[in-house]
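Visitor:
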Amino acid sequence: MSSSTPAWSERELPLFFTAWRTDWRDERLSPCDYLDFEGGLRFVLAAAWLFCPETVEYRGCVFLKERFRQDTVDDWFTNLGDDRRRIEAVVNHVELWDMFGNTPLADDDRLGAELPQLALALGECWRGVLSARHPDREITVEVSGEEDGSYGPTVTFCAPPAVPASG
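For the sequence shown, counting from 1, position 53 maps to 53 in full-length UniProt numbering; every step adds exactly one.
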């Protein structure tokens, strides 16, 4: 499992949260308090599928269950040959702007500006989940963002090509 140092050791609180905490006039309130006060349990339960996604194994690869379609993966194998790393990276590619297409990202809360931090958190969670589920694989989780903002933050994962055993 590929790993990096934790990216969230010095994170900033989201603007919507600091505004909410100011409205309550209590600087001790934490993001966990926000979830409780604002009835966030429903959202957290749904978010579990994002942060701890179900995976499937197919043709020697690991895929996000929600993004896996056998015929699509078979098409990628036809187009890319046996390049499992590229196939996994393409199929598992999640663009956060697309994921939150029904959410205003440029309003006063500036939620779009918070997506890079979300991508980092998602990447760390996926590293842990995939490492626990597949300890024998060298899975790499990649978090990126387009400099021009065209696609926003993305998260994907893939494994390096299998190295043939020398004999």
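All C-beta atoms in this analysis are idealised placements derived from N, C-alpha and C, irrespective of residue type, glycine included.
(1) Look at the alpha carbon of E10 and the alpha carbon of S131, and state the distance between them as a whole number of angstroms.
(2) Between the beta-carbon of A119 and the beta-carbon of T78, is there less than 8 Å?
(3) Among the candidates R84, D71 and E66, whose CA atom is the shortest distance from the CA of V94?
(4) Between which two residues does the alpha helix (DSSP H) carrying F43 extend?
(5) How about Y58 and F43: do their beta carbons lie closer than 8 Å?
(6) In this structure, what does DSSP give as the bridge partners for S144?
(7) How big is the Cα-Cα spacing for F16 and C32?
(8) In the DSSP output, what is T55 paired with across the bridge?
(9) Report back the beta-carbon spacing between G123 and V141 to the nearest angstrom; my notes put them in contact at under 8 Å.
(10) For the candidate residues R21, G152, L13 and T72, whose alpha-carbon lies nearest to that of V90?
(11) What are the boundary residues of the alpha helix (DSSP H) that D75 is part of?
(12) Assign N92 to one of two classes, buried (16 or more other C-beta atoms within 10 Å of its C-beta) or exposed (fewer than that).
Guide: In brief:
(1) 24 Å
(2) no
(3) E66
(4) L41 to F51
(5) no
(6) T154
(7) 14 Å
(8) L64
(9) 5 Å
(10) T72
(11) Q70 to L80
(12) buried
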